[in-house]
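FYI, in numbering that gives the first Met the number 0 the residues of the sequence shown are 0 to 259.
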Amino acid sequence: MDDIAQTNRERWNDLARANVQYSQPFLDFTTEQAEEYVFRHGVIKEVRGKRVLCLASGGGQDSAAFGLLGAEVTVLDLSDVQLERDRQAAAYHGLQVTTLHGDMRDLSAFADATFDIVWQVYSINFVPSVKPVFREVARVLKPGGIYFVQVHNPFIQSLDSESWNGEAYPLKDRYLDGEDLTYLFPHWDVDQADGSSVRLTSPHEFRHTLSTFLNTLVGCGFILLGLWEWMRSDKDPKPGSWAHFTQIAPPYLSTFWQRR
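So this is what it looks like as structure tokens:
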């Protein structure tokens, strides 16, 4: 584990202890909600009996959804606390979920062609290079297997959602591949149940240009099945609000790929 991984491990443990949104396990999730969550894009239609790797997707959310639908679930995550949340969700729902601590760039714990699905919600931006991750995912996926991976929209990573000047959200930096953007956003503010907020140091987060993201996946043997932009659906959101920002500049891209 290199210095970046060790730092991100510590910072994600802090974020999870503060109950950041992504560390709140799906304890009240129903099978119907799990179906909507997993099948919402129309690409995956059945997971019962499938071997699923939730890659750097700890927190007790994705593992619970797939487990409720009858999948054989393994979670690999850098954060010890995130993995605790997966075990919590599994115990709550009576599921069998395997949890492993590790770096997404090193999947040597798994044999070739082990999984039918690799599911990676927003986490690829926490490593400086996508190639080691995509190469390993290609190895552990079965031929024809499905890879779901989310990435930050690189064109708008230098925009600050709180910098509305009455006319626009101004760009702050150049469009550089692999750049550590933590200096632009050094803190995460985590809302608490009592209405207060906890400010914590951000994990290292990197920009991956769209050409790097797409071309590296293609080079690793993947075929693109679909791409979706995420934004809030609020009607007439207030300028300067998070909902308004997402409708001006969709911050996240969700993609599905198939292993050739």
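Think of the CB as a built atom: it goes at the ideal place given N, C-alpha and C, for glycine as much as any other residue. Keep in mind that this is a model prediction, so the values were computed, not measured.
Which class does Tyr251 belong to by DSSP, given the choice of helix, strand or coil?
Residue state, collapsed to three classes: strand.
Within the same chain, show all residues whose beta-carbon is closer than 7 Å to that of Thr98, passing over the 5 residues directly before and after it, in chain order.
Counting only Cβ-Cβ distances below 7 Å, and skipping sequence neighbours, we find Val74, Leu82, Asp85 and Arg86.
Where does Gln95 sit, in a helix, a strand or coil, going by DSSP?
Note: Gln95 maps to coil in three-state DSSP.
Is it buried or exposed, Pro24, if we count other Cβ atoms within 10 angstroms and call 16 or more buried?
The residue in question, Pro24, is buried, as its Cβ has 16 or more Cβ neighbours within 10 Å.
Quick test of your reading: Ala63 and Phe28, contact by CB under 8 Å. State the CB separation rounded to the nearest angstrom.
Contact flag correct, Cβ pair sits at about 6 Å.
For Ser162 and Pro169, which I take to be in contact (beta-carbon distance under 8 Å), what is that distance rounded to the nearest angstrom?
Ser162 to Pro169, Cβ: 6 Å. Contact.
Determine, using beta carbons only, whether Trp256 and Leu223 come nearer to each other than 8 Å.
The answer is yes: Cβ separation under 8 Å.
Taking only runs of the beta strand (DSSP E) that begin and end inside the region 129-171, which ones reach a length of at least 3 residues, in chain order?
Entirely contained in the region 129-171, the beta strand (DSSP E) runs reaching 3 residues are, in chain order, 140-151.
State the DSSP-derived secondary structure class of Gly177, mapped to helix, strand or coil.
In the structure shown, Gly177 sits in coil (DSSP, three-state: anything other than H, G, I, E or B).
In whole angstroms, give me the CA-to-CA distance for Ile260 and Gly194.
This structure gives no information on residue 260, because the portion of the chain shown stretches from 0 to 259.
Which term fits Asp115, buried or exposed, when burial requires 16 or more other beta carbons within 10 angstroms of its beta carbon?
Buried: at least 16 other Cβ atoms inside 10 Å.
Would you grab the beta carbon distance between Gly177 and Phe154 for me? Rounded to a whole angstrom, and I think it's under 8 Å.
That pair is no contact at about 15 Å.
For Arg198, which option in Met0, Ala4, Val19 and Asn7 has the closest C-alpha, if you only look at C-alpha atoms?
It is Val19.
Pull up the DSSP beta-bridge partners for Trp229, would you.
For Trp229, which the question treats as bridged, DSSP gives the partners Tyr251.
Given 8 Å as the limit, is there contact between the region 244-259 and the region 91-105, that is, 3 or more CB pairs closer than that?
The answer is no - the region 91-105 does not touch the region 244-259, with fewer than three Cβ pairs under 8 Å.
How should Tyr21 be labelled, buried or exposed, when 16 other C-beta atoms within 10 angstroms of its C-beta is the threshold for buried?
Buried.
Taking the continuous beta strand (DSSP E) assigned at Phe28, which residues delimit it?
Segment: none, Phe28 is in no beta strand (DSSP E) and carries neither H nor E.
Considering only the alpha carbon of each residue, which of Ala112, Gly59, Lys237 and Lys171 lies closest to Val120?
With distances taken between Cα atoms, Val120 lies closest to Gly59.
Could you please give the first and the last residue of the uninterrupted beta strand (DSSP E) stretch that includes Ser196?
Per DSSP, Ser196 belongs to the beta strand (DSSP E) from Ser196 to Thr200.
On the three-state DSSP scale, how would you describe His265?
In the structure as shown, the chain begins at 0 and stops at 259. Residue 265 is therefore absent and cannot be evaluated.
Are there 16 or more other CB atoms within 10 angstroms of the CB of Thr254, so buried, or fewer, so exposed?
Burial call: buried.
Taking only the alpha-carbon atoms, compute the straight-line gap between Gly220 and Lys237 and give it to the nearest angstrom.
Cα to Cα, the separation comes out at about 43 Å.
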